[in-house]
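A.B. asks:
Residue numbers (the UniProt record's numbering): 1 to 599.
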């Protein structure tokens, strides 16, 4: 029997029994919906993901995109066919307003929907992932004409979108980008420069590709304050709004990736004269919003993408976990070690304590990460539909703090889940005959793109926790404390878990304040990646206490599994943060003081 890529039962538990997303239907934006419509979308997503995405996952991995003799990118035909089914189902527009032809679904429901596709096929799911984020940015910041010209075709699945930030000489240091945009008499701009690591950067799957490009207008402020954002389509639009003349966006080459091969990854030249629309040099671009506000606009897409990366990491970890559970149930090897139950016959390896340890670890990582991703998604729904300005600001603040954790923690620990899935499979897991080795390779990228762990650690400690004079820190601590108080009131085992979480949360508060008050900023931030990991573990422990409280009084194997996974995380994982907080408290300078010549 084929193992499903996700657990429908777990999604139902998280969405309905814990987060109560059905309550969102009392809000004006979602009042036409009900649990029935949510379930219908999730069932449809599971069906399409299983029937149209999963079957070509290994084929796309084994047959990575290439550039043909005519300069066009060649991908397997199954990718285009799957995305056509995705588009026909209206899923590109799922969370968008009815005025744009969307279903006006909550973000939390759509994130759960997309997770099915991410778990089934990371490469193919990358195209709608980027396109939807691109469209969301334009809806928030572009003109009505730009929305009509570019967003509507994206939501129909005819145009796909990208984000173009990094450059060969700059990498993640956006202050150092050199792509230039020169204004023309008609109000358009001509762009010249090179962008690298562009996921979905070139292909023949869609009718057009809408690049969102960061560039600098000559004479503007220096550094990030001088960055503007431009729409640069692969094909310029004719008077009817259809793709026409080729814009001066040239594919230099495709990157050959370790995993996630189904999504093309390109090096692009803008304005190198390869096409020269209208006979003039430069790629035609259209300014989004105001000049020199490009980075703030792009963060709209980047923050959405960061949470989406966390979901992709979670989905891949989850798919590997489910496959390793099924494998462990059917693979027989060894004998029972108990003197009371000795047998001459081999037993399923799931009966061995160490295999159960590895499966419990995976379960605690992937189900904890999924809870965090959906919690953040509901915060998006709540901030977008809140009537009270103060409530909206509180939700936004908490979401800002959680975003670097929601990106980085799953990228690290759901990759660890993939590693353990390979281990459970033994030698078979290291072969291409099973899926788990591909899940690991596909997942390894998530620690890198949309901001590495180092960048997310600096963001969490250096910006998010200190924002609004420490309001970010207090928003996180007070929200966790509310769960702790509720668990203490419940009593019993929940109260014991609450005590451990309360102590860890207090360490977060004290260590953070100490680091933020340090005179030497470089010293305070030197171990910010360790800080990110430790705080992330505390946040996931909070997610598990929340789930434990829901499952505490309910009977059945599913709820017993939830309680046991919570116990595992509190007993095996949360205690590791103590040593990390101790190290952070000393403001250790070992890494800071390392001389490059000593390596």
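For every residue, glycine included, the Cβ atom is placed at its ideal position computed from N, Cα and C.
Tell me which residues share the same chain as residue 571 and place their Cβ nearer than 8 Å to its Cβ, disregarding the 5 neighbours each side in the sequence.
C.D. replies: Taking the first residue of the chain shown as 1, we reach residue 571 at position 571. Within the same chain, residue 571 has no close Cβ partners at all.
A.B. asks: For residue 26, does the count of other Cβ atoms within 10 angstroms reach 16, so buried, or fall short, so exposed?
C.D. replies: Residue numbering aside, residue 26 sits at position 26 when the chain shown is read from its first letter. Exposed.
A.B. asks: Taking its Cβ as the centre, do 16 or more other Cβ atoms sit within 10 Å of residue 47, making it buried, or is it exposed?
C.D. replies: Position 47 of the chain shown holds residue 47. Exposed is the call here.
A.B. asks: Between which two residues does the alpha helix (DSSP H) holding residue 77 run?
C.D. replies: Indexing the chain shown from 1 puts residue 77 at position 77. Here the alpha helix (DSSP H) through residue 77 covers 77-88.
A.B. asks: My understanding is that residue 231 touches residue 162, with C-beta atoms under 8 Å, so please give their C-beta distance in whole angstroms.
C.D. replies: For the purposes of this step, residue 231 is taken as the residue at position 231 of the chain shown. For the purposes of this step, residue 162 is taken as the residue at position 162 of the chain shown. Not quite, the Cβ-Cβ distance comes to about 11 Å (not below 8 Å), so this is no contact.
A.B. asks: Please report the distance separating the alpha-carbon of residue 8 from that of residue 106.
C.D. replies: In the chain shown, the residue the question calls residue 8 occupies position 8. In the chain shown, the residue the question calls residue 106 occupies position 106. Between residue 8 and residue 106, the C-alpha separation is close to 18 Å.
A.B. asks: Just checking my contact of residue 249 with residue 234 at CB under 8 Å: how many whole Å lie between their CB atoms?
C.D. replies: On the chain shown, position 249 is the one that residue 249 refers to. On the chain shown, position 234 is the one that residue 234 refers to. The Cβ separation is near 6 Å, so the contact holds.
A.B. asks: Assuming the contact rule is C-beta atoms closer than 8 Å, residue 212 and residue 134 should be a hit. Round their C-beta distance to whole Å, please.
C.D. replies: By one-based count along the chain shown, residue 212 stands at place 212. By one-based count along the chain shown, residue 134 stands at place 134. With a Cβ gap of about 6 Å, residue 212 and residue 134 count as contacting.
A.B. asks: For residue 242 and residue 376, I'd like the C-alpha separation in whole angstroms.
C.D. replies: To locate residue 242, count along the chain shown from 1; it is residue 242. To locate residue 376, count along the chain shown from 1; it is residue 376. If I take the Cα positions, the gap works out to 37 Å.
A.B. asks: Look at the Cβ atom of residue 190, then the Cβ atom of residue 289, and state whether they are nearer than 7 Å.
C.D. replies: Reading the chain shown from its first residue, position 190 is the one you call residue 190. Reading the chain shown from its first residue, position 289 is the one you call residue 289. No, they are not a contact pair.
A.B. asks: According to the Cβ coordinates, are residue 214 and residue 227 closer than 7 Å?
C.D. replies: Stepping through the chain shown from its first residue, residue 214 is reached at position 214. Stepping through the chain shown from its first residue, residue 227 is reached at position 227. Against a cut-off of 7 Å, the Cβ pair of residue 227 and residue 214 comes out as a contact.
A.B. asks: Who are the near neighbours of residue 142 in its chain, counting only those whose CB is closer than 6 Å to its CB and skipping five residues on each side?
C.D. replies: The sequence position of residue 142 within the chain shown is 142, counting from 1. If we look at residue 142 and ignore the five residues flanking it on each side, its Cβ neighbours are 288.
A.B. asks: If you measure between the beta carbons of residue 75 and residue 203, is that distance less than 7 Å?
C.D. replies: On the chain shown, residue 75 is found 75 positions in, with the first residue counted as 1. On the chain shown, residue 203 is found 203 positions in, with the first residue counted as 1. Closer than 7 Å, so yes.
A.B. asks: Alpha carbons only, please: which of 6, 325, 176 and 446 is nearest the one belonging to residue 429?
C.D. replies: The residue labelled residue 429 in the question sits at position 429 within the chain shown. Checked all of 6, 325, 176 and 446; the closest Cα to residue 429 is 325.
A.B. asks: Which term fits residue 598, buried or exposed, when burial requires 16 or more other beta carbons within 10 angstroms of its beta carbon?
C.D. replies: Sequence index remark: in the chain shown, residue 598 carries index 598 (1-based). With fewer than 16 Cβ atoms within 10 Å of its Cβ, residue 598 is classed as exposed.
A.B. asks: Put residue 589 into one of helix, strand or coil per three-state DSSP.
C.D. replies: Position 589 of the chain shown, counting from 1, holds the residue named residue 589. Residue state, collapsed to three classes: coil.
A.B. asks: Under DSSP, the beta strand (DSSP E) around residue 256 begins and ends at which residues?
C.D. replies: For the purposes of this step, residue 256 is identified with residue 256 of the chain shown, where counting begins at 1. Here residue 256 belongs to no beta strand (DSSP E), and DSSP marks it neither H nor E.
A.B. asks: Is the CB-CB distance between residue 450 and residue 261 below 7 Å?
C.D. replies: The residue given as residue 450 occupies position 450 in the chain shown. The residue given as residue 261 occupies position 261 in the chain shown. The answer is no: Cβ separation not under 7 Å.
A.B. asks: Is it a yes or a no for the region 52-59 touching the region 115-125, going by three-plus beta-carbon pairs under 8 Å?
C.D. replies: They touch, by the three-pair rule.
A.B. asks: Between the region 504-523 and the region 429-444, do at least 3 Cβ pairs fall closer than 8 Å?
C.D. replies: Counting Cβ pairs under 8 Å, fewer than three are found: no touch.
A.B. asks: Buried or exposed: where does residue 301 fall if 16 or more other Cβ atoms within 10 Å of its Cβ makes it buried?
C.D. replies: Position 301 of the chain shown, counting from 1, holds the residue named residue 301. Classification for residue 301: buried.
A.B. asks: DSSP on residue 208, reduced to helix/strand/coil?
C.D. replies: Stepping through the chain shown from its first residue, residue 208 is reached at position 208. Correct three-state label for residue 208: strand.
A.B. asks: Report back the beta-carbon spacing between residue 565 and residue 497 to the nearest angstrom; my notes put them in contact at under 8 Å.
C.D. replies: Reading the chain shown from its first residue, position 565 is the one you call residue 565. Reading the chain shown from its first residue, position 497 is the one you call residue 497. That pair is no contact at about 12 Å.
A.B. asks: Can you give me the Cβ contacts of residue 369 inside the same chain, cut-off strictly under 6 Å, excluding the 5 residues immediately before and after it?
C.D. replies: Position 369 of the chain shown holds residue 369. Within the same chain, residue 369 has close Cβ partners 314, 410 and 414.
A.B. asks: Within the region 333-405, note down every full alpha helix (DSSP H) run reaching 4 residues or more, in order along the chain.
C.D. replies: As far as the region 333-405 is concerned, its whole alpha helix (DSSP H) runs of at least 4 residues are 353-385.
A.B. asks: Just list the beta strand (DSSP E) runs in the UniProt domain "Acyl-CoA oxidase/dehydrogenase middle" (163-263), keeping only unbroken ones of 3 residues or longer that don't cross its boundaries, in chain order.
C.D. replies: Listed in chain order, the complete beta strand (DSSP E) runs (minimum 3 residues) inside the UniProt domain "Acyl-CoA oxidase/dehydrogenase middle" (163-263) are 180-183, 189-199, 208-216, 227-233, 235-237, 243-246 and 249-254.
A.B. asks: Is residue 69 helix, strand or coil when you go by DSSP?
C.D. replies: The residue given as residue 69 occupies position 69 in the chain shown. Residue state, collapsed to three classes: coil.
A.B. asks: Whose CA, out of 579, 181, 541 and 116, lies closest to the CA of residue 531?
C.D. replies: Start at 1 with the first residue of the chain shown, and residue 531 comes out as number 531. Per the Cα distances, 579.
A.B. asks: Just curious, the beta strand (DSSP E) that residue 285 is in, first and last residue?
C.D. replies: Numbered from 1 along the chain shown, position 285 holds the residue referred to as residue 285. 283-287 is the span of the beta strand (DSSP E), which, as asked, contains residue 285.
A.B. asks: Looking only at its own chain, which residues have a Cβ that is under 8 Å from the Cβ of residue 67, when we skip the five neighbours before and after it?
C.D. replies: Here residue 67 refers to the residue found at position 67 of the chain shown. So the list reads 73, 74, 251, 253 and 254, once near-sequence residues are dropped.
A.B. asks: What residue range is occupied by the uninterrupted alpha helix (DSSP H) comprising residue 136?
C.D. replies: On the chain shown, residue 136 is found 136 positions in, with the first residue counted as 1. Residue 136 -> alpha helix (DSSP H) spans 122-141.
A.B. asks: The beta strand (DSSP E) that contains residue 265, what's its start and end?
C.D. replies: Against the chain shown, residue 265 aligns to sequence position 265. Looking at the DSSP string, the run of the beta strand (DSSP E) that includes residue 265 is 265-270.
A.B. asks: Are three or more beta carbon pairs between the region 386-404 and the region 455-473 nearer than 8 Å?
C.D. replies: The region 386-404, when compared against the region 455-473, does touch it at the 8 Å Cβ threshold.
A.B. asks: Comparing C-alpha positions only, which one of 348, 329 and 185 sits nearest to residue 335?
C.D. replies: The count along the chain shown starts at 1 and reaches residue 335 at position 335. For residue 335, the nearest C-alpha among the options comes from 348.
A.B. asks: If you draw a straight line from the C-alpha of residue 19 to the C-alpha of residue 574, how long is it?
C.D. replies: Within the chain shown, numbered from 1, the residue matching residue 19 stands at position 19. Within the chain shown, numbered from 1, the residue matching residue 574 stands at position 574. When rounded, the distance between both Cα atoms is 23 Å.
A.B. asks: Going by other Cβ atoms of all chains shown within 10 Å of its Cβ, with 16 needed for buried, is residue 131 buried or exposed?
C.D. replies: Indexing the chain shown from 1 puts residue 131 at position 131. Residue 131 is buried by the Cβ-count criterion.
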